[in-house]
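J.: Take a look at the following structure, please.
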Amino acid sequence: MSDRTDQKLDNCPLCRSHRLIKLFTLKKEQFVRCEDCGLVHINPKPNSKVVLSTYQSGYSHSYEKKADKKIKRAVRYVKRLSKKIKNTGRWLDVGCSAGFVVKASQDEGFESHGIDIDPDGLDYAKNKLNLTNVSQTTIENTAFEDASFDIISAYDVIEHVENLHTFTAQLKALLAPDGLIDLITPNLNHWTVPSDLKRWKEIKPSEHLYYFNKRNLQNLLRRHNLKIIQTRFTLKATLKVLVTHE
Ligand SMILES: [Zn+2]
1 MSDRTDQKLD NCPLCRSHRL IKLFTLKKEQ FVRCEDCGLV HINPKPNSKV
51 VLSTYQSGYS HSYEKKADKK IKRAVRYVKR LSKKIKNTGR WLDVGCSAGF
101 VVKASQDEGF ESHGIDIDPD GLDYAKNKLN LTNVSQTTIE NTAFEDASFD
151 IISAYDVIEH VENLHTFTAQ LKALLAPDGL IDLITPNLNH WTVPSDLKRW
201 KEIKPSEHLY YFNKRNLQNL LRRHNLKIIQ TRFTLKATLK VLVTHE
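In structure tokens:
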């Protein structure tokens, strides 16, 4: 049973509302839904050291095992996106993991950069894919010039970030005037999501902090003068949206 509370919880990380409904606890973490914007999230937010530790337990090893499949997918994503801009340009892959999107976009003619906080993935990117332009940092801490990227991809990243607003503000700041952001995150409103939410495989304590639907993702983006211009159909419970300046 869910019950409503406004005690001991932080305000909604998206809309700052205090109207939160407790859903369930998993591994001692409280999952709640915001009554105002509908964002499901872990509240209070886990300690960032705990969040970080979820990456240091071989998070990207699973990528390495599936390298062939991952590189093919990256090539497909890159080709689809590069058709949407006139020329190649600068590409930033946020949460680049083992570097497949960086590699694929570089091969397509982009000046590509990748950032991630996971050292194992970056080792693979540097040593196996021979990438020199990947670094261990977060988008909030990068020294890239404003408005300097034609494409920014962030695949399965936004559900992990420390602060939704600083993350989104930085996407906005780094994006070139006609640039595109390609975002992928789990989709809370997809028809395959079980009604008993804690059975959903994307529910991951300490790891996935926020669970969006299209509406509240749009709400977040709008607050930073960004807008969704395309949503891709997908059989999996993921939101795949293309975003640009408002
Ligand atoms: Zn909210």
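So the sequence shown is numbered by our numbering: it starts at 1 and just counts up by one. Note that CB positions come from ideal geometry on N, CA and C, so glycine has one too.
(1) With a threshold of 16 other CB atoms inside 10 Å of the CB of Leu14, please say whether the residue is buried or exposed.
(2) For Gly89, tell me which candidate among Leu81, Cys96 and Gln218 has the shortest Cα-Cα distance.
(3) Per DSSP, Pro186 forms a beta bridge with which residues?
(4) May I ask you to check if the CB of Leu209 is nearer than 7 angstroms to at least one heavy atom of ligand 1?
(5) When DSSP builds the beta bridges, which residues end up paired with Trp91?
(6) Might you give, ordered along the chain, the residues of its own chain that have their beta carbon closer than 6 angstroms to the beta carbon of Ile229, omitting 5 neighbours on each side?
(7) If we count the other Cβ atoms within 10 Å of its Cβ and call it buried at 16 or more, is Asp182 buried or exposed?
(8) Please indicate yes or no: does the CB of Asp36 lie closer than 7 angstroms to some heavy atom of ligand 1?
(9) Quick check on Glu140: does DSSP put it in helix, strand or coil?
(10) So, Leu9 versus Val32, is the Cβ gap smaller than 8 angstroms?
(11) Going by DSSP, what residue range makes up the beta strand (DSSP E) through Ile228?
(12) Label Lys70 either buried or exposed according to how many other C-beta atoms from any shown protein chain fall within 10 Å of its C-beta, with 16 as the threshold for buried.
(13) Grouping DSSP H, G and I as helix and E and B as strand, with all else coil, what is Ser135?
(14) Rounded to the nearest angstrom, how far is the Cβ of Ser153 from that of Gly121, given a contact under 8 angstroms?
(15) Quick one: does the C-beta of Leu9 sit closer than 7 angstroms to a heavy atom of ligand 1?
(16) Distance, Cα to Cα, His165 vs Arg199?
(17) Check this for me: beta carbons of Leu174 and Leu92, under 8 angstroms apart or not?
(18) Should Ala143 be labelled buried (16 or more other beta-carbon atoms within 10 Å of its own) or exposed?
T.: In short:
(1) Counting Cβ neighbours within 10 Å, Leu14 comes out buried, since at least 16 surround it.
(2) Nearest option by C-alpha distance: Leu81.
(3) In DSSP, Pro186 forms a bridge with Thr238.
(4) The answer is no for Leu209.
(5) Answer is Ser112 and Ile151.
(6) Sequence-distant partners of Ile229 (beyond 5 residues in either direction) whose C-beta falls short of 6 angstroms from its own C-beta, in its chain, are Leu242 and Thr244.
(7) By the beta-carbon neighbour count (other beta carbons within 10 angstroms, threshold 16), Asp182 is buried.
(8) Checking the Cβ of Asp36 against ligand 1 gives yes.
(9) Glu140: helix per DSSP, three-state reduction.
(10) Taking 8 angstroms as the Cβ cut-off, Leu9 and Val32 qualify as a contacting pair.
(11) DSSP places Ile228 in the uninterrupted beta strand (DSSP E) bounded by Leu226 to Thr231.
(12) Flag for Lys70 reads buried.
(13) Three-state result, Ser135: strand.
(14) Contact doesn't hold; Cβ gap of about 15 angstroms is too wide.
(15) It does not: the Cβ of Leu9 is nowhere closer than 7 angstroms to a heavy atom of ligand 1.
(16) When rounded, the distance between both Cα atoms is 28 angstroms.
(17) Yes; because the gap between Cβ atoms is below 8 angstroms, this pair is in contact.
(18) With fewer than 16 Cβ atoms within 10 Å of its Cβ, Ala143 is classed as exposed.
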